[in-house]
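Top to bottom, those sequences are chains S and P. Each residue of the first sequence is one higher than the one before, starting from 5 at the first, in the working numbering. Each residue of the second sequence is one higher than the one before, starting from 181 at the first, in the working numbering.
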Amino acid sequence: MAVPSYATPLERVWHYAYVAICVAIFFFLIAPIIVIMPLSFNAEPYFTFTEKMLSFDPEGYSTRWYDSLLTFGMQAPDAARDMSWWADAWANAKWVKAAKNSIIIGVCSTIVATSLGTLAALGLSRPEMPFRRTIMAILISPMIVPLIITATGMFFFYSNPCELLTIFGLNPQCGKLAGSYLGVILAHATLGIPFVIITVTATLVGFDQSLNRAAASLGANPRVTFFRVTMPLILPGVVSGALFAFVTSFDEVVAVLFIAGPEQQTIPRQMWNGIREQISPAILAVATLLVIFSIALLTTVELLRRRSERIRGLSPQ
Amino acid sequence: MANTALDPHAAITTTASGVATQPLTTADGKPLVRALARSQSRARRKAFLLVLPLLAFIVITFVVPIGQMLQRSFHNDGFSANMPNISAWFAQTERGTQPDDAAWQALAADLQASAEARNIGVVGTRVNYDMPGTRSLFTSTGRKVRKGIEPPYRETLLEIDEEWADPQLWATMREVSTPYTANFYLASVDRTRDADGNIQQVDENQRVYLMLFWRTFWLSGLITALTFVLGFPIAHLLATLPMRKSNLLMILVLLPFWTSLLVRTTSWMVLLQQQGVINDILVWLGVIGGGQRLQMIYNQAGTIIAMTHILLPFMILPLYSVMRTINPSYVRAARSLGATSWTAFRRIYFPQTLPGLGAGAMLVFILAVGYYITPALVGGSSGQLISNMIAQHMTSTLNWSMAAALAALLLGAVLVLYWLYDRLVGVDNLKLG
């Protein structure tokens with residue numbers, strides 16, 4: 005990216021201006037995410053840097069908002085912090101409950117999305133797959149269709165999933181999926197599937213189909229071939245697809261607002277309520293924790309991607 | 181599939197059959213052509229069976245629910261199912277017929293029956309969608325006639341409420357007496373029917389939907405343009421730097437991409453507030469006085485800034501992956517042939533980035549058109565998009581048919597764009613990170 009030696013003075017000026025522009029855009033990208041971190045340690049309930057914070061006075065900083073994440077919703081938040089206090093926090097604190105729900109729903113929907121999605125990606129990347137393009141377009145569509153439309157459709161369907169069968173003259177009663185964990189898990193699995201399909205088919209692009217034939221000619225049945233030959237090679241893609249699906253579920257709020265009951269309070273929903281009602285720096289504390297969480301996920305995915313490229317010999321590293 | 185032509189076995193059979201008169205056979209004597217066709221169809225079936233579980237899952241949990249929802253946009257039997265007699269009278273008579281004794285009798289009988297079955301609220305709500313302010317007429321009349329109603333029906337009903345004689349009300353009841361209707365679509369483009377059934381524009385102060393559609397598309401276009409202006413230099417920088425450095429800088433693009441949408445929206449709320457960081461810095465720099473802090477949030481500016489930031493990675497990533505493949509020697513060749521750096525960029529480099537630009541722009545536009553959360557949180561009233569109106573009809577006004585009609589129009593637009601995207605870019609070229 006150095007200036008070539010034949011550059012005119014005007015081009016040199018433009019080059020430095022260009023670098024400055026790029027720095028500014030990177031700043032625009034990353035500053036909003038970084039700025040909430042120090043603000044979450046604000047001792048005052050404000051969303052800006054106080055005098056004390058700017059002069060690095062320790063009194064200007066506190067961890068009270070992180071503490072409030074634990075105490076909010078507890079039965080006895082002011083009791084001595086012994087085992088029973090922690091048990092109270094584990095059982096009653098709203099943010100802790102929300103985190104537990106988010107993880108349960110995220111993990112279950114990821115398992116559904118990843119297993120079905122990987123299987124389908126294997127089929128889609130076979131050259132003899134019929135209607136490949138159309139089917140692929142249908143499977144990716146949950147990512148494209150506006151979330152509000154998906155959530156609206158799911159709202160009606162999940163309140164009475166058996167309504168469909170009335171077309172065939174049946175009138176069964178099968179309860180409702182709305183307001184249940186199963187409903188939210190299925191909805192989130194649907195939304196996560198496109199990400200699994202995209203990442204796993206991308207991994208399979210460089211996959212040598214003759215490896216499967218070689219395994220079969222050596223006497224392996226399809227199941228053994230899949231677990232001993234195919235799976236180890238596409239595993240990095242499957243894992244990053246699973247992480248994408250997990251993040252999709254972990255971050256999803258519209259479908260939860262429409263189909264979840266009061267029991268399925270997740271972190272995004274709790275944040276949504278917090279932002280809409282009375283925004284407090286406690287939201288910034290949650291946001292900071294979530295940013296740290298996404299940094300961890302991003303690192304994992306990047307490492308996996310490089311490993312996958314190395315395995316498949318796509319990059320010269 | 182075109183793959184049959186590429187299949188080496190197929191190639192052998194076609195060339196061989198041109199030379200030999202005897203058809204080629206397999207070791208056990210079957211014609212090779214048929215054996216090949218059979219094995220290929222078995223392979224196709226196997227591949228399809230792998231996809232089938234997921235396809236069924238998506239169809240049941242996604243395609244069917246959306247189809248069911250869209251059905252509500254043209255089907256609403258709230259009136260016809262609960263008021264069968266008067267609906268039958270409407271079906272038998274011409275539009276514009278004055279209500280006769282039979283009509284009044286049918287109406288009275290239906291009102292009493294549906295009040296008794298406690299469905300009068302549903303009926304009133306249905307009429308209310310097409311003629312606001314009529315729900316209470318139905319419920320209050322229902323309360324009075326529940327115990328029974330005596331002839332003469334016309335006079336009794338008019339005594340309960342004069343409004344029953346309103347010709348507009350009768351025209352509206354005729355409109356809603358069939359379960360299938362296009363009126364919700366008419367309403368979502370700010371059209372309505374007058375007493376004679378002619379389509380006309382609604383009153384000027386009630387025209388909201390066309391304006392919202394227009395604003396949604398205009399803001400999405402603007403946001404797409406902004407992501408292009410901001411994304412192009414970044415993608416170019418990342419594509420021209422050596423791999424080590426660009427991988428490091430790529431993290432700055434991917435971190436926002438992986439960060440929760442709500443977190444990013446919250447940070448913009450914090451930054452853009454009147455008492456927020458940006459206003460504080462501007463006051464401190466003396467750019468603006470303490471009393472004239474800028475209103476950058478809860479209006480269109482808030483929606484534009486936050487959505488540009490959130491959608492920027494979707495522009496950078498496709499641009500980057502195309503720019504990586506551009507051979508730098510073309511630009512050098514242009515320069516050595518005497519082109520200025522601007523001409524070399526405009527005539528040689530930029531045209532080669534167009535596939536990435538097209539992919540990124542379409543993706544950003546498609547995602548922006550359906551955005552809901554960010555406008556709801558930072559948009560105030562002037563930054564609301566059509567999705568927010570759908571949500572409002574779903575959760576507060578409970579006019580589900582209207583929500584479905586608006587959703588159908590939005591979905592139609594998105595699907596057209598998606599089809600175009602698939603034709604021009606191909607869904608299998610979508611990349612994440």
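We put the beta carbon where it would ideally sit given N, CA and C, even for glycine.
>> I need the straight-line Cα distance from P/G301 to P/T319, nearest angstrom please.
In response: 6 Å
>> So, for S/Q323: in the same chain, excluding its five sequence neighbours on each side, which residues have a beta-carbon less than 8 Å away from its beta-carbon?
In response: Past the edges of chain S, shown from 5 to 321, lies residue 323 of chain S, and the structure says nothing about it.
>> Please report the distance separating the alpha-carbon of S/Q321 from that of P/L591.
In response: Note that S/Q321 scores 34 on pLDDT, short of 50, meaning its location in the model is unreliable and no value can be drawn from it.
> Where do the N-terminal and C-terminal ends of the alpha helix (DSSP H) with P/R371 fall, by residue?
Replying inline: Note, P/R371: premise wrong, no alpha helix (DSSP H); beta strand (DSSP E) at 371 to 373.
> Mapping DSSP to helix, strand and coil, what is P/Y360?
Replying inline: strand
> Does the beta-carbon distance from S/G241 to S/T194 come in below 8 Å?
Replying inline: no
>> Along the chain, where does the alpha helix (DSSP H) containing S/Q274 start, and where does it finish?
In response: 271 to 280
> Taking 8 Å as the CB-CB limit, is P/V594 close to chain S?
Replying inline: yes
> chain P beta carbons: is any one of them nearer than 8 Å to that of S/Y65?
Replying inline: no
> At a Cβ threshold of 8 Å, is S/I29 touching chain P?
Replying inline: yes
>> Pull the bridge partners of S/N46 from the DSSP assignment, please.
In response: S/Y65
>> If we define contact as Cβ-Cβ less than 8 Å, is P/P312 a contact residue for chain S?
In response: no
>> Restricting to runs no shorter than 4 residues, where is the alpha helix (DSSP H) found entirely within the stretch 236 to 308 of chain P?
In response: 244 to 251, 264 to 272, 281 to 296
> Would you call P/W580 buried or exposed, if buried means 16 or more other Cβ atoms sit within 10 Å of its Cβ?
Replying inline: buried
>> Once the 5 residues before and after P/I490 are set aside, which same chain residues still bring their CB inside 7 Å of it?
In response: L441, R444, T554
> By the 10 Å Cβ neighbour count, where 16 or more other Cβ atoms means buried, how is S/A191 classified, buried or exposed?
Replying inline: buried
> What is the DSSP secondary structure of P/A477, reduced to helix, strand or coil?
Replying inline: A small fix is needed here, since residue 477 of chain P is Ile in this sequence, not Ala. P/I477 falls in the coil class under three-state DSSP.
>> Checking 8 Å against the spacing of the C-beta atoms, do P/V558 and P/T483 come in under that value?
In response: yes
> Would P/D374 pass as a contact of P/G276 if the rule is Cβ separation under 8 Å?
Replying inline: no
>> Using a Cβ-Cβ cutoff of less than 8 Å, which residues in the same chain neighbour S/T303 once the five nearest sequence positions on both sides are dropped?
In response: none
> Any idea if S/R314 is buried or exposed, counting beta-carbon neighbours within 10 angstroms, 16 or more meaning buried?
Replying inline: exposed
> By how many angstroms is the C-alpha of S/F161 removed from the C-alpha of S/T154?
Replying inline: 10 Å
> Using the beta-carbon of each residue, which ones in chain P are nearer than 8 Å to S/C26?
Replying inline: P413, I414, L417
>> Under 8 Å, Cβ to Cβ, is there at least one residue of chain S near P/R224?
In response: yes
> Closer than 8 Å, CB to CB, is P/S440 near chain S or not?
Replying inline: yes
> At least one CB of chain P closer than 8 Å to the CB of S/R130: is that the case?
Replying inline: yes
> Along chain P, in chain order, which residues have C-beta atoms closer than 7 Å to that of S/L239?
Replying inline: Within chain P, no residue comes near S/L239; the closest Cβ sits about 17 Å away, beyond 7 Å.
> If you drop the 5 nearest sequence neighbours on each side, which residues of the same chain put their C-beta closer than 8 Å to that of P/Y529?
Replying inline: I506, Y510, V511
> Would you say S/Y185 reaches chain P, if we count a Cβ-Cβ gap shorter than 8 Å as a contact?
Replying inline: no
> At least one CB of chain S closer than 8 Å to the CB of P/T523: is that the case?
Replying inline: no
>> Considering Cα atoms alone, identify which of S/P8, S/W18, S/F45 is closest to S/S284.
In response: S/F45
>> Does P/Q455 come out as helix, strand or coil in the three-state DSSP assignment?
In response: coil
> Considering only the beta carbon of each residue, do P/F408 and P/M495 sit closer than 8 Å?
Replying inline: yes
> Helix, strand or coil for S/P81 per DSSP?
Replying inline: coil
>> In the DSSP assignment, the alpha helix (DSSP H) including P/I431 goes from what residue to what residue?
In response: 423 to 438
>> Suppose you measure from the CA of S/L215 to the CA of S/C112; what does that come to, to the nearest Å?
In response: 32 Å
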